[in-house]
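Undergrad:
Number of protein chains: 2
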Amino acid sequence: MIILDTPIDMHLHLREGQILKDVLPFSQKQFAAAVIMPNLIPPVDNKERLRNYKEEILENSQDFTPLMNLFMREYSKEELSELKNEIFGIKLYPAGITTNSQNGVKSIENIYPVLEIMSELNIPLSVHGETNGFVLDREREFKSVYEKIAKDFPKLKIIMEHIGTADLLDLLDKYENLYATITLHHLLLTLDEVAGGMLNPHYFCKPILKTPKDKDAIQSFVKKGHKKVMFGSDSAPHTIKNKLKGAAGIFSAPVILPALAEFFGDDIDTFQKFISNNARENFNINVPKKEVRLIQKEWQAPYLVGEIKPMFAGKKFKFMVE
Amino acid sequence: MIILDTPIDMHLHLREGQILKDVLPFSQKQFAAAVIMPNLIPPVDNKERLRNYKEEILENSQDFTPLMNLFMREYSKEELSELKNEIFGIKLYPAGITTNSQNGVKSIENIYPVLEIMSELNIPLSVHGETNGFVLDREREFKSVYEKIAKDFPKLKIIMEHIGTADLLDLLDKYENLYATITLHHLLLTLDEVAGGMLNPHYFCKPILKTPKDKDAIQSFVKKGHKKVMFGSDSAPHTIKNKLKGAAGIFSAPVILPALAEFFGDDIDTFQKFISNNARENFNINVPKKEVRLIQKEWQAPYLVGEIKPMFAGKKFKFMVE
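Next comes the structure, spelled out in structure tokens:
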């Protein structure tokens, strides 16, 4: 048996309404808390929307702490001072780069005043780091933006979300204030899952899955237990109907801990740090303690959750969440 | 007006039955002849199937010469001697690598006796050159196979079909007996069309569309008018229903000459060589002369052909095939 102490998913999409009801139980079962992404329509970018959304999550779960993220816009100091204790951070999406990011940021300089306020108030910045360039180069091309923000706001804690390219990893040691989340799918898969055989829309996501070289570099980094690397699933449910229309996102929530248990094998210590301690220590996250147990029993991932097809649908795992 | 003399499509999929009836008029209108691919179910790999398939094409067209390809298997010298004058060449698919290639070749050495016979009888070899490796590396990894066959059979004319990677281009000058076809889509597009925005199955093909660097290298090579580079559309119709299930292939036939006319601009001489002369001279192709005229008149590509969505559906072009 593996016992995990207070697992935290540092990047989670729950959506709203029926989808939220369908997907939330999987995160609640495996995690004590999760950072909840705000790219809804309309975006979660004001007090009322924030409080209502948090309430919806709390009404549909127990023993689970939603750490709320606001959608980036030009917030005033008064707004952020008032909301500071109700949020984890603010999420920056470059405009048009992924699901519901039409209202995202068109130029980083536009939000420099907000970053200044966040830095003062000690509010972390989450970043979807992609340019509008060629799909395989977008993360690498965004590297200079990460460096610029890191240098211009040395006291601002910045999370490079769902990194999928080997090129970003060295930034973690170069800048004290840069952190990273890594998803299950970027840790385990490559573009072959999407386009290696027949085209498979269920493994299409942004940033797109990349090469074996990228995957190997990320795996080796995670196995070394780097303190600034944290698990963030980016579990992003879309109905099968919308996936067939080309929507980007992988719904990994049901299989996270069983898949990670196989990935880490005997190294429970690194598993524990990756899934919880690094996040708690890097960001002083205080949530109620919750023990999650994985028992060694064959378990099969569901084929369907509501109208959503999960990652690794139907796959058999050696561990089951108790 | 642009007048093209006897255009030849060196790589065309016509399928059978209703699809053939739907797609063939576009090739007939723009080309004097085309090399017809044999990956049907069952494959075109015997005398009867070859003759019936050729008959079906002739019954559904006029002023159009189908240059038939056989599907690679272990043919005897007697078989090939008998069929030599009825075929253009033999197509080699590594097993499982693209549409209907399950019966393809598992190991190149298995067909060395056939390559020996082809070399003696002066029958060209067409190759879908991909390994079973990571999807973006498959063509590059196949390079050594091309080199091996080229060296082992110096008198065998070998066509590297639909090359989409910059890494193969230098082989054309290195080996006298290697030739290449280039498709419209590998000439003009990158992986961004498939995965840059929403996932777009209509631009999914094998070999997969690659990077801007690959596209630029191919464009520059084609613009230089290299004699061993020939146009081969690899136009590969699938119904929308099958595309949504992940089938690989782009149906480019309706838009080929209008799109190439814009690509070549004023350089009609290189256009003519790429679309006809290089193929005729490299392979001594003798088909009835046919003039194809492109007039300068706005023309819009069809949105739908039967149950098939064409490449550049709905796009407006400056040239129209008369």
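The listed protein sequences correspond, in order, to chains L and B.
Mapped onto numbering that gives the first Met the number 0, the consecutive letters of the first sequence carry residue numbers 0 to 321.
Mapped onto numbering that gives the first Met the number 0, the consecutive letters of the second sequence carry residue numbers 0 to 321.
Beta carbons: idealized from backbone N, C-alpha and C, even for Gly.
Hey, Cys-204 of chain L and Ala-260 of chain L: beta-carbon distance below 7 Å or not?
TA: The answer is no: Cβ separation not under 7 Å.
Undergrad: Can you grab the Cα-Cα spacing for the pair Glu-290 of chain B / Pro-6 of chain B, in whole Å?
TA: One C-alpha to the other measures close to 8 Å.
Undergrad: So, does the region 206–216 of chain L touch the region 173–192 of chain L, judging by three or more C-beta pairs under 8 Å?
TA: These segments touch.
Undergrad: Does the contact criterion of 3 or more C-beta pairs under 8 Å hold for the region 152–167 of chain B versus the region 125–142 of chain B?
TA: Flag = yes, the region 152–167 of chain B and the region 125–142 of chain B touch.
Undergrad: Can you name the residues of chain B whose CB is closer than 7 Å to the CB of Pro-211 of chain L?
TA: Ordered by position in chain B, the residues that pass the 7 Å Cβ test against Pro-211 of chain L are Phe-133.
Undergrad: To the nearest angstrom, how far is the alpha carbon of Gln-101 of chain B from that of Pro-37 of chain B?
TA: Looking at the two C-alpha atoms, the distance is approximately 13 Å.
Undergrad: I need the DSSP call for Asn-281 of chain L, collapsed to helix, strand or coil.
TA: DSSP places Asn-281 of chain L in helix when its eight states are reduced to three.
Undergrad: Can you list, in chain order, the residues of the region 185–208 of chain L whose Cβ is nearer than 8 Å to any Cβ on chain B?
TA: The residues in question are Thr-189, Leu-190, Asp-191, Val-193, Ala-194, Gly-195, Gly-196, Met-197, Leu-198, Asn-199, Pro-200, Phe-203, Ile-207.
Undergrad: Applying a beta-carbon distance threshold of less than 7 Å, which residues of chain B neighbour Leu-243 of chain L?
TA: Those are Leu-243, listed as they occur along chain B.
Undergrad: Relative to the C-alpha of Gln-61 of chain L, which residue among L:Ile-249, L:Asp-44, L:Ala-32, L:Pro-42 is closest?
TA: Answer by Cα proximity: L:Ala-32.
Undergrad: List the residues of chain B that Ala-246 of chain L touches, going by C-beta distances under 9 Å, in chain order.
TA: Near Ala-246 of chain L (Cβ distances below 9 Å), the residues of chain B are Met-197, Leu-198.
Undergrad: Evaluate contact between the region 15–23 of chain B and the region 310–317 of chain B, counting only Cβ atoms and requiring at least three cross-stretch pairs below 8 Å.
TA: Segments in contact, no.
Undergrad: Please state the DSSP three-state secondary structure of Glu-306 of chain B.
TA: Reduced to three states, the DSSP call for Glu-306 of chain B is coil.
Undergrad: Does the distance from the CB of Leu-171 of chain B to the CB of Lys-227 of chain B come in under 7 Å?
TA: Yes, the Cβ-Cβ distance between Leu-171 of chain B and Lys-227 of chain B is below 7 Å.
Undergrad: What number of angstroms, rounded off, separates the C-alpha of His-225 of chain L from the C-alpha of Ser-251 of chain B?
TA: If I take the Cα positions, the gap works out to 49 Å.
Undergrad: With a 10 Å radius around its C-beta and 16 neighbouring C-beta atoms as the bar for buried, classify Arg-292 of chain L as buried or exposed.
TA: Exposed, since its Cβ has fewer than 16 Cβ neighbours within 10 Å.
Undergrad: How is Phe-203 of chain B classed by DSSP in three states: helix, strand or coil?
TA: Phe-203 of chain B: coil per DSSP, three-state reduction.
Undergrad: Considering Met-67 of chain B, what are the terminal residues of the alpha helix (DSSP H) in which it resides?
TA: Counting along the chain, Met-67 of chain B falls outside any alpha helix (DSSP H), though it belongs to the beta strand (DSSP E) covering 64–70.
Undergrad: Ile-217 of chain L: which of L:Ser-118, L:Thr-164, L:Gln-29 sits nearest, CA to CA?
TA: Comparing Cα positions, the closest option is L:Thr-164.
Undergrad: Could you name the residues of the same chain whose beta carbon sits closer than 6 Å to that of Phe-328 of chain B, not counting the 5 residues immediately before and after it, in chain order?
TA: No information on residue 328 of chain B is available, as it lies outside the stretch 0 to 321 that chain B covers here.
Undergrad: Could you please give the first and the last residue of the uninterrupted alpha helix (DSSP H) stretch that includes Leu-49 of chain L?
TA: Run containing Leu-49 of chain L: 46–58, per the alpha helix (DSSP H) assignment.
Undergrad: Tell me the residue span of the beta strand (DSSP E) that contains Val-113 of chain B.
TA: Premise fails: Val-113 of chain B lies in the alpha helix (DSSP H), 111–120, not in any beta strand (DSSP E).
Undergrad: Out of curiosity, what's the CA-to-CA distance linking Ile-267 of chain B and Ile-2 of chain B?
TA: Each residue's Cα considered, the two are about 9 Å apart.
Undergrad: Inspect the beta-carbon positions of Val-113 of chain B and Tyr-74 of chain B and report whether they are closer than 7 Å.
TA: Yes, the Cβ-Cβ distance between Val-113 of chain B and Tyr-74 of chain B is below 7 Å.
Undergrad: Counting C-beta neighbours from all protein chains within 10 Å, is the total for Gln-29 of chain L 16 or more, i.e. buried, or is it exposed?
TA: Looking at its Cβ environment, which holds 16 or more other Cβ atoms inside 10 Å, Gln-29 of chain L is buried.
Undergrad: Should Ala-94 of chain L be labelled buried (16 or more other beta-carbon atoms within 10 Å of its own) or exposed?
TA: That one is exposed.
Undergrad: When the Cα of Pro-301 of chain B is compared with those of B:Pro-253, B:Phe-318, B:Gly-103, which residue comes out closest?
TA: Pro-301 of chain B has its Cα closest to that of B:Pro-253, out of B:Pro-253, B:Phe-318, B:Gly-103.
Undergrad: For Ile-40 of chain L, count the other beta carbons within 10 Å of its own beta carbon; 16 or more makes it buried, fewer makes it exposed. Which is it?
TA: Exposed is the call here.
Undergrad: Here's the rule I'm using: 16 or more other beta-carbon atoms within 10 Å means buried, otherwise exposed. How should Tyr-111 of chain L be labelled?
TA: Exposed, since its Cβ has fewer than 16 Cβ neighbours within 10 Å.
Undergrad: Over what stretch of residues does the alpha helix (DSSP H) that includes Lys-20 of chain L continue unbroken?
TA: Element bounds for Lys-20 of chain L: 16–29.
Undergrad: If you draw a straight line from the alpha carbon of Lys-76 of chain B to that of Ile-116 of chain B, how long is it in whole angstroms?
TA: Answer to the nearest angstrom: the Cα atoms are 6 Å apart.
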